[in-house]
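A.B. asks: Structure incoming, see below.
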Amino acid sequence: MIKSIRGTRDILPDEVGAWHRVEQAAHQLFARYGYREIRTPIFEETQLFARGIGADTDIVAKEMYTFPDRDEEKTSLTLRPEATAGIVRAVIEHHLDQTDPALKVYALGPMFRRERPQKGRYRQFHQVDVEAFGIERPSIDVEIIQLALDYLRACGLTESQLILNSVGDAKCRPAYVETLRSALRAHKDRLCADCQRRTETNPLRVLDCKVPEDQAIIESLPKISDHLCAECRDHFAEVRRELALLEIPYQLSHRLVRGLDYYTRTTFEVTSAALGAQNSVLGGGRYDGLVRDLGGPDLSGIGFALGLERLVMLMPPGPQESRCDAFLAVLVPRAFDRALLIQHDLREAGVRVLVDHEARGLKSQMKKADKLGARYVAIMGEDELADDVWTVRDMTSSTQERVSDVKLAEYIEEKMRGRDAG
Ligand code: HAM
35 MIKSIRGTRD ILPDEVGAWH RVEQAAHQLF ARYGYREIRT PIFEETQLFA RGIGADTDIV
95 AKEMYTFPDR DEEKTSLTLR PEATAGIVRA VIEHHLDQTD PALKVYALGP MFRRERPQKG
155 RYRQFHQVDV EAFGIERPSI DVEIIQLALD YLRACGLTES QLILNSVGDA KCRPAYVETL
215 RSALRAHKDR LCADCQRRTE TNPLRVLDCK VPEDQAIIES LPKISDHLCA ECRDHFAEVR
275 RELALLEIPY QLSHRLVRGL DYYTRTTFEV TSAALGAQNS VLGGGRYDGL VRDLGGPDLS
335 GIGFALGLER LVMLMPPGPQ ESRCDAFLAV LVPRAFDRAL LIQHDLREAG VRVLVDHEAR
395 GLKSQMKKAD KLGARYVAIM GEDELADDVW TVRDMTSSTQ ERVSDVKLAE YIEEKMRGRD
455 AG
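Numbering (our numbering), first residue to last: 35 to 456.
As structure tokens, then:
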């Protein structure tokens, strides 16, 4: 038997209601904040991600699904591991900053990373991604954070923790990275192999290390918060002041550097203890140099992405949804034409109606109607056919009535309207 690829999962019809709920919540809430949807391709040129996310990151170095295109030029393509780089490419390509007076967008869709699969970590997963461009003021950082938290609340999530940091900018970070590297070199022999390598290639990544033996050393390292330039310090202070004004609680963590290289200044994550090892529900931050680095104008940017699998896992279960309002149970094949005509009338009137195409016995059809959550079952057997009527059973009150064939559609429609209004 052919099975699904390791690290991918089917979202089955029984689960899809929860997905619809989080998708609808996104469309509704983000519109209130002035964000509009953008849809970019699932694959892009490999160099977009290599340049955007950073060649030394785990994502680019180890996790991308990359393959040559079937062309003469030997273009290298990659399945998107995240949405930000593709959105930035689209902003530049279509000069969106020149035409949109408030360039705020969001996207929903699958991303691909070849990570080791475990609970909450997949090789194909889905993100909700939100990005705002061209605003320097710290108030946009706060808006994005508030939007992220409002979204979690709209999805019924109450237990989560906001973690906040500032990683500086092109002016102050290089000096900090050098300070960090020197401090790390002093401990080099006592660090794990990965951190020994990162000391030379990308010292900030060391702050992300989870190896227990390394933690004491990492805690003793110089902190970025003590090495920010005046502009970054002021920016971060204002972010914190506005968060306090809006009564948004958070925890500072000087180790929150995130796994992508494009961040400047504010970085944040929301975690939930209920998720276990993969506890990050969403993460994001500012990326003021990225648009320019990818060949666009000098446009600041900030955003976040949230893992939908993780969100759905945390959501309280929704109500069991009924599959149909009315079920037509035909017991004699000669009556089937009536069912075909009536079901179409009902569907046109917006009523959800199902019929048993196999026209089995009454007991089996009633059982099926019950399982599908039908509110009304209209039955036509020999007797009903002779009198040109249906026996309509109200499944909630277990009462039944005879209704003439020509009136059935209207009868059910009215009942449904009455119920909806009540
Ligand atoms: P990220 O932290 O790599 O950031 O991913 C954001 C979220 O995607 C994570 O918090 C997690 O919920 C989910 N996620 C990531 N990898 C997996 C996986 N293998 N399986 C399941 N869920 C996963 C970004 O992607 C940035 N582009 C966010 C951003 C947008 N920054 C600025 N704008």
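All C-beta atoms in this analysis are idealised placements derived from N, C-alpha and C, irrespective of residue type, glycine included.
Cβ of TYR99 within 7 Å of any heavy atom in ligand 1?
C.D. replies: Distance from the C-beta of TYR99 to the nearest heavy atom of ligand 1 is not below 7 Å.
A.B. asks: Specify, as a first and last residue, the run of the alpha helix (DSSP H) that LYS402 falls within.
C.D. replies: 396-405
A.B. asks: Roughly how far, in whole angstroms, is the beta-carbon of CYS206 from the beta-carbon of CYS263, given that I think they are within contact range, below 8 Å?
C.D. replies: 4 Å
A.B. asks: So, SER38 versus ILE169, is the Cβ gap smaller than 8 Å?
C.D. replies: no
A.B. asks: Take the Cβ of GLN377 as the centre, count every other Cβ of all protein chains shown within 10 Å, and call the residue buried at 16 or more, exposed below.
C.D. replies: buried
A.B. asks: Is there contact between the stretch 334-351 and the stretch 209-229, where contact requires at least three CB pairs shorter than 8 Å?
C.D. replies: no
A.B. asks: Sort out for me which residues DSSP pairs HIS160 with in a bridge.
C.D. replies: PRO144
A.B. asks: Mind checking GLU467: buried by the 16 CB within 10 Å criterion, or exposed?
C.D. replies: As shown, the chain starts at 35 and ends at 456. That puts residue 467 outside it, with no answer to give.
A.B. asks: Looking at C-alpha atoms only, which residue of HIS54, LEU442, ALA412 and ALA420 is the closest neighbour of THR433?
C.D. replies: ALA412
A.B. asks: Could I get the ranges of all uninterrupted alpha helix (DSSP H) runs contained in the stretch 215-273, with 4 residues as the minimum, in chain order?
C.D. replies: 227-235 and 249-253
A.B. asks: Going by C-alpha to C-alpha distance, which of THR80, PHE77 and GLY154 sits closest to SER306?
C.D. replies: Out of THR80, PHE77 and GLY154, the CA that lies nearest to the CA of SER306 is found in GLY154.
A.B. asks: Can you list, in chain order, the residues of its chain with a C-beta nearer than 6 Å to that of PHE64? Leave out the 5 residues immediately preceding and following it.
C.D. replies: Cβ within range, chain order: TYR140.
A.B. asks: Kindly examine ligand 1 and report whether one of its heavy atoms sits closer than 7 Å to the Cβ of ASP321.
C.D. replies: The residue you asked about is not Asp; residue 321 is Tyr in the sequence shown. Within the cutoff, so yes.
A.B. asks: Does the pairing of the stretch 39-55 with the stretch 350-364 give three or more beta-carbon distances under 8 Å?
C.D. replies: The stretch 39-55 is in contact with the stretch 350-364.
A.B. asks: Can you list, in chain order, the residues of its chain with a C-beta nearer than 7 Å to that of PHE146? Leave out the 5 residues immediately preceding and following it.
C.D. replies: TYR99, LEU113, ARG114, PRO115, ARG157 and GLN158
A.B. asks: Unbroken beta strand (DSSP E) runs of length 3 or more, entirely within the stretch 356-441: which are they?
C.D. replies: 360-364, 387-389, 410-414, 423-428 and 433-438
A.B. asks: Looking only at its chain, what residues have a beta carbon closer than 7 Å to the beta carbon of PHE83, apart from the 5 residues adjacent to it on each side?
C.D. replies: Answer for PHE83: VAL94, MET98, THR112, PRO115 and ALA119, listed in chain order.
A.B. asks: Measure the alpha-carbon distance for ALA250 versus ASP103 and round it to whole angstroms.
C.D. replies: 47 Å
A.B. asks: According to the Cβ coordinates, are ASP90 and THR235 closer than 8 Å?
C.D. replies: Yes, they are a contact pair.
A.B. asks: GLY372 and MET414: beta carbons closer than 8 Å?
C.D. replies: Note on residue identity: the sequence assigns Arg, not Gly, to residue 372. It is a contact, given that the beta carbons lie within the stated cut-off.
A.B. asks: Hey, VAL387 and ASP359 are a contact pair by Cβ (cut 8 Å); roughly how many whole angstroms apart?
C.D. replies: 7 Å
A.B. asks: The alpha helix (DSSP H) that contains ARG55, what's its start and end?
C.D. replies: 50-66
A.B. asks: For SER173, name the three-state secondary structure that DSSP assigns.
C.D. replies: helix
A.B. asks: Should SER194 be labelled buried (16 or more other beta-carbon atoms within 10 Å of its own) or exposed?
C.D. replies: buried
A.B. asks: Suppose you measure from the CA of SER254 to the CA of GLN161; what does that come to, to the nearest Å?
C.D. replies: 35 Å
A.B. asks: Taking the straight line between their C-alpha atoms, what separation do you get for ALA443 and LYS449?
C.D. replies: 10 Å
A.B. asks: When DSSP builds the beta bridges, which residues end up paired with GLU276?
C.D. replies: DSSP lists no partner for GLU276.
A.B. asks: Unbroken beta strand (DSSP E) runs of length 3 or more, entirely within the stretch 291-351: which are they?
C.D. replies: 298-305, 314-320 and 335-341
A.B. asks: If LYS138 sits next to ALA117, beta carbons under 8 Å apart, how far is it from one beta carbon to the other, in whole angstroms?
C.D. replies: Contact doesn't hold; Cβ gap of about 14 Å is too wide.
A.B. asks: Check each candidate in ARG436, ARG453, LEU238 and VAL440 and name the one with the smallest Cα separation from THR430.
C.D. replies: ARG453
A.B. asks: Do GLU276 and VAL201 come within 8 Å of each other at the CB atom, strictly closer than that value?
C.D. replies: no
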